[in-house]
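There are 2 protein chains.
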Amino acid sequence: MSTEHPTPTETESTGTGAAAAGTRLDPWFGSYSARTRGMKASEIRALFAVANRPEVVSLAGGMPNIADLPMADYADAVADLLRERGTRALQYGSGQGEPELRDQITQVMAMEGINAHPDDVVVTTGSQQALDLVSRIFLDPGDIVVAEAPSYVGALGVFRAYEAEVVHVAMDEHGLVPEELDRVLTSLAEQGRRAKFLYTVPNFHNPGGVTLTLERRPRIIEIARRHGVLILEDNPYGLLGFDGEPLPAMASMAPDDVVYLGSFSKTFAPGYRIGWALAPHAVREKLVLASESAILCPSNAAQLAISTYLSQFDWQAQVKEYRRMYAERRDAMIGALTEYLPSCTWTVPDGGFYVWVRLPEGLDAREMLPRAVTALVAYVPGTAFYADGSGSEYLRLSYCYPTPSRIVEGVRRLAGVVNAEAELVGLFGTGRPSGGSADVGARAEGPGPATV
Amino acid sequence: MSTEHPTPTETESTGTGAAAAGTRLDPWFGSYSARTRGMKASEIRALFAVANRPEVVSLAGGMPNIADLPMADYADAVADLLRERGTRALQYGSGQGEPELRDQITQVMAMEGINAHPDDVVVTTGSQQALDLVSRIFLDPGDIVVAEAPSYVGALGVFRAYEAEVVHVAMDEHGLVPEELDRVLTSLAEQGRRAKFLYTVPNFHNPGGVTLTLERRPRIIEIARRHGVLILEDNPYGLLGFDGEPLPAMASMAPDDVVYLGSFSKTFAPGYRIGWALAPHAVREKLVLASESAILCPSNAAQLAISTYLSQFDWQAQVKEYRRMYAERRDAMIGALTEYLPSCTWTVPDGGFYVWVRLPEGLDAREMLPRAVTALVAYVPGTAFYADGSGSEYLRLSYCYPTPSRIVEGVRRLAGVVNAEAELVGLFGTGRPSGGSADVGARAEGPGPATV
């Protein structure tokens with residue numbers, strides 16, 4: 009019926025004004041909002057469909073390995089929940105989330121030194137929705153978000169959806185560099201601009217693999233506060249450190265200056281899509297209103313199922329088991345990189361899921377990806393993690409989902425592709441010094457719009 | 009720590025520019041986006057907190073009655089699901105939704121004459137998220153949405169969140185009036201403006217209680233198409249008709265012109281927050297991208313739990329049982345209105361959850377609400393369902409959740425308030441003719457910005 013559409017045309021329209029036209033492929037082409045015209049499927053999306061085939065070792069995804077959860081016992085517990093409180097679990101709930109779960113969430117956050125009241129917690133459809141809601145309440149088109157270089161690809165997508173501009177700030181092996189943050193915010197102020205918030209993943213950075221040191225945390229807070237910039241502390245991996253105790257969250261140090269995002273996706277399982285935001289009181293009120301507009305309320309069934317897991321299972325022992333398993337996989341990956349890819353450098357994470365790899369000079373991770381997939385290994389090119397399209401010399405490898413032997417095999421395959429590629433561009437043997445020195449793509453001297 | 013904030017002040021700021029200020033109550037006051045400054049808690053929110061007390065008969069909410077679901081058997085089925093496919097149910101899934109559920113959704117829609125492919129279905133966090141996503145991909149600030157007068161309050165909230173302008177179109181007892189739609193769209197065109205879409209609830213309208221006749225459906229489609237306006241067909245209640253077969257959806261008549269929204273909240277249960285959108289191919293692609301940005305993916309656990317219900321239980325028999333139960337409650341409400349509130353008029357719904365009541369002249373439903381709550385009965389004032397704040401002479405009563413005897417008691421209490429109120433304003437006995445004639449707040453001659 010699209011051929012009967014009032015103004016069919018095969019040419020693109022600017023989409024402005026009442027006469028905005030459709031196309032034969034899309035009769036509604038002329039009707040989309042400005043934010044949609046900037047929205048497009050990732051060019052690597054089609055490749056990843058291929059990469060999901062079982063013969064491919066995917067070092068691309070961030071899927072946790074949940075195979076060792078006590079599933080049979082958990083199934084019984086969920087059945088009991090439905091039998092005993094089914095009409096509550098299957099009913100609409102509060103926009104802010106179930107009080108019982110919000111209370112448990114404050115206990116989870118206490119492990120990172122946060123002393124929060126359940127009233128200041130908003131339960132969300134994964135912490136991705138929390139990212140969306142924070143962006144929604146703070147970002148107008150053209151607003152600035154300051155974020156690490158590189159940054160979580162899913163957050164960059166949200167900021168783009170709200171038509172914000174991301175200004176990257178360098179990281180080093182100790183995380184976000186305070187002096188760089190101050191420099192960037194000062195430079196913005198000199199231009200008469202102000203960032204709405206700093207987006208940061210302080211622990212076991214995705215994709216950088218580094219952690220913001222304890223010493224730097226109050227300095228980051230002081231700088232942000234001095235510039236009037238809210239901190240958005242995204243912390244899905246904080247409890248998944250391989251050594252020692254979790255570092256105190258910035259939200260524990262400056263509760264009025266930080267919106268903290270948490271998630272059960274990595275410490276339990278992602279399939280319920282339950283995360284949360286902890287926010288200063290007035291911000292929390294806005295988040296609840298925004299969430300009610302977006303989804304009415306988070307799933308009661310999902311919240312109570314997670315609440316059941318937290319109260320009836322030794323979830324902290326399970327987190328310890330996760331840490332042991334992921335540490336083993338991290339070791340397998342670092343070992344394989346050392347053995348097979350001496351021409352690259354990489355970060356060595358103390359927790360979380362990711363290693364950030366720098367290719368030998370002259371190689372382009374995005375261009376190389378099709379050849380890698382042909383060689384039955386997948387990764388995410390570094391360009392995905394920069395708002396300005398830079399980062400082609402980097403790639404992200406994840407060790408969370410494949411077994412150690414598959415990780416080693418994947419890195420071995422990747423090495424074959426990298427070495428062939430390097431030889432092809434005549435660079436083999438001329439690269440930078442090999443070894444595991446941390447290089448997080450700081451690009452401190454880099455030009456371009458996203459580095460101020 | 010807010011007192012150390014850079015520019016604390018107790019006065020409100022305009023929130024523009026780098027020097028935007030906070031307040032003592034909210035240090036981030038000056039940082040919010042334009043859409044947030046238009047966001048505020050409903051003034052009736054606090055009252056509804058009171059209205060949730062058990063001694064109050066709430067005729068306000070839209071909670072379905074799910075007490076009669078076969079909960080024990082369903083608990084066993086969910087436990088089996090987790091035992092057999094737990095690592096899939098608790099893992100991340102596809103942004104578009106589980107193929108197995110999307111296939112079942114096409115079978116549900118087939119009952120309304122829709123012949124859809126699972127590829128064109130997007131699973132969402134309740135159909136509220138689908139409303140949000142459609143608004144996100146189509147609406148720029150200042151854009152126009154055409155919607156029935158009155159309209160679903162949750163949709164109006166979404167359109168407001170996207171800073172759109174809602175233009176209401178009159179309904180009568182046969183639903184949206186085609187001539188009125190044509191007149192409004194023509195009037196907009198004469199002003200050089202075009203609506204991005206028509207938002208309509210064709211079946212058992214919330215809050216109007218009326219259904220768009222079969223005869224009018226192709227006429228609405230023809231008018232919308234002629235004006236280049238997409239139709240957003242929101243249909244949570246379509247299978248809950250009390251008599252006869254479901255009417256064919258407009259999406260079945262014009263699949264390229266309609267985005268259709270469905271939900272399991274009323275035919276099964278709302279607690280999983282699973283709804284869907286069926287959209288023309290190109291629009292569907294945008295919806296998936298927008299949803300991935302908003303939540304990554306809908307809950308696999310929720311989707312597979314619903315899929316299990318659809319495949320292992322006689323869900324159609326359950327829907328028949330729901331119809332019988334809601335019809336009995338509708339009868340209780342209409343009977344009580346006839347007995348106790350002859351000074352009012354109301355619609356008589358053939359399905360769904362709601363009766364739309366017009367008060368005697370001179371009464372204001374919003375002003376009356378506190379007195380109603382004091383008399384231990386709650387409703388939603390008509391003003392909630394108009395973007396322009398009109399509708400104070402109406403109120404919405406829902407019969408979905410309370411038992412028939414509670415419904416009768418609630419209407420009896422309401423009658424006490426209405427009659428006292430009418431007496432107070434000296435109008436008792438001078439009202440319009442009593443009885444059940446449908447009056448859907450058409451306000452065809454009404455002035456004001458929202459009626460064009």
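Protein chains in written order, with the working numbering: chain B, 9 to 460; chain V, 9 to 460. Built from N, CA and C at the ideal position, the CB exists for glycine as well. These numbers come from a predicted model, not from an experiment.
If you draw a straight line from the C-alpha of ALA49/B to the C-alpha of ASP140/B, how long is it?
Straight-line Cα distance between these residues: approximately 18 Å.
Spatial neighbours of GLU417/V within its chain, please: CB distance less than 7 Å, with the 5 preceding and 5 following residues excluded, ordered by chain position.
VAL65
Grab the span of the alpha helix (DSSP H) containing ASP148/V for me, first residue to last.
Per DSSP, ASP148/V belongs to no alpha helix (DSSP H) and is neither H nor E.
Below 7 Å between beta carbons: does that hold for MET258/V and GLY216/V?
Going by C-beta atoms, MET258/V is not nearer than 7 Å to GLY216/V.
Throw me the rounded Cβ distance for the ILE239/B and LEU206/B pair, which I believe falls under 8 Å.
That pair is a contact at about 5 Å.
Would you check if the distance between the CB atom of ILE314/V and the CB atom of ILE342/V is smaller than 7 Å?
no
Stretch-stretch touch, CB-based, cutoff 8 Å, three pairs: the segment 262-270 of chain V with the segment 106-121 of chain B:
no
If you measure from the beta carbon of TYR40/B to each beta carbon in chain V, is any gap under 7 Å?
yes
Looking at chain V, which residues of the segment 89-102 of chain B have a Cβ within less than 7 Å of any of its Cβ atoms?
LEU90, ARG91, GLY94, THR95, ALA97, LEU98, GLN99, TYR100
Using CA atoms only, rank isn't needed, just tell me which of ARG421/B, ASP372/B, THR95/B is closest to LEU432/B.
ASP372/B
Between the alpha carbons of VAL161/B and PHE321/B, how many angstroms are there, rounded?
33 Å
For CYS352/V and ALA157/V, what's the separation of their Cα atoms in angstroms?
So the two alpha carbons sit approximately 19 Å from each other.
Within 10 angstroms of its Cβ, does ASP34/B collect 16 or more other Cβ (buried), or is it exposed?
In summary, ASP34/B is buried, with 16 or more beta-carbon neighbours lying within 10 Å of its beta-carbon over all protein chains present.
Is GLU156/V helix, strand or coil when you go by DSSP?
strand
Going along chain B, which residues have a C-beta under 7 Å from ALA87/V?
ALA83, ASP84, VAL86, ALA87
Please classify HIS3/B: does DSSP put it in a helix, a strand, or coil?
Nothing can be reported for residue 3/B, as the shown portion of chain B is limited to 9 through 460.
Since PHE146/V meets chain B, which of its residues come closer than 7 Å, beta carbon to beta carbon?
SER39, TYR40, SER41
List the whole-angstrom C-beta distance separating ASN243/V from GLY101/V, where the pair is believed to meet the contact cut-off of C-beta under 8 Å.
Wrong, their Cβ atoms sit about 25 Å apart, outside the cutoff.
Can you tell me where the alpha helix (DSSP H) holding VAL433/B begins and where it ends?
Looking at the DSSP string, VAL433/B is not in any alpha helix (DSSP H), and its letter there is neither H nor E.
Going along the segment 297-317 of chain B in order, which residues come within less than 8 Å of chain V, judged by CB to CB distance?
LEU297, ALA298, GLU300, SER301, ALA302, ILE303, LEU304, CYS305, PRO306, SER307, ASN308, ALA309, ALA310, ALA313
Measure the C-alpha to C-alpha separation of PHE37/V and THR31/V and round it to an integer number of angstroms.
6 Å
Where GLY359/V sits in the DSSP three-state scheme
Strand.
Are the segment 369-386 of chain B and the segment 419-427 of chain B touching, with three or more C-beta to C-beta distances below 8 Å?
The segment 419-427 of chain B and the segment 369-386 of chain B touch, with three or more beta-carbon pairs separated by less than 8 Å.
So, helix, strand or coil for LYS204/V, using DSSP?
strand
Who are the neighbours of ASP34/V on chain B, taking C-beta pairs under 7 Å?
ALA290
On the DSSP bridge assignment, give the partners of TYR402/V in chain order.
ARG366/V
Please name the residue, chosen from ILE303/B, ALA310/B, GLY46/B, ALA428/B, that lies closest to ASP145/V on a Cα-to-Cα basis.
Correcting the residue identity first, residue 145/V is Ile in this sequence and not Asp. With distances taken between Cα atoms, ILE145/V lies closest to GLY46/B.
Does any residue of chain V bring its CB to less than 7 Å from the CB of VAL448/B?
no
Is the distance from the Cβ of ARG91/B to the Cβ of ALA97/V below 7 Å?
Cβ distance not < 7 Å, so ARG91/B and ALA97/V don't count as in contact.
Nearest to GLN311/B by alpha carbon, out of ILE122/B, ARG53/B, LEU77/B, VAL130/B?
VAL130/B
Taking only three categories from DSSP, how would you classify GLU417/B?
helix
Going along chain V, which residues have a C-beta under 7 Å from ARG110/B?
Simply none; closest approach about 17 Å.
Just to confirm my understanding: we take TYR362/V, look at its own chain, exclude 5 residues before and 5 after, and list those with CB closer than 6 Å. What are they?
Excluding positions up to five away in sequence, the list reads ASN214, PRO215, GLY217, ARG404, SER406.
Would a C-beta distance cut-off of 7 Å place PHE167/V and VAL153/V closer than the cut-off?
yes
Which of the residues in the segment 269-282 of chain B, read from start to end, lie with their CB under 7 Å from any CB of chain V?
Of all residues in the segment 269-282 of chain B, only ALA277, PRO278, GLY279, TYR280, ARG281 place a beta-carbon less than 7 Å from a beta-carbon of chain V.
Residues in the same chain with beta-carbon distance under 7 Å from MET376/B, minus the five sequence neighbours each way, listed in chain order, please.
VAL425, GLU429
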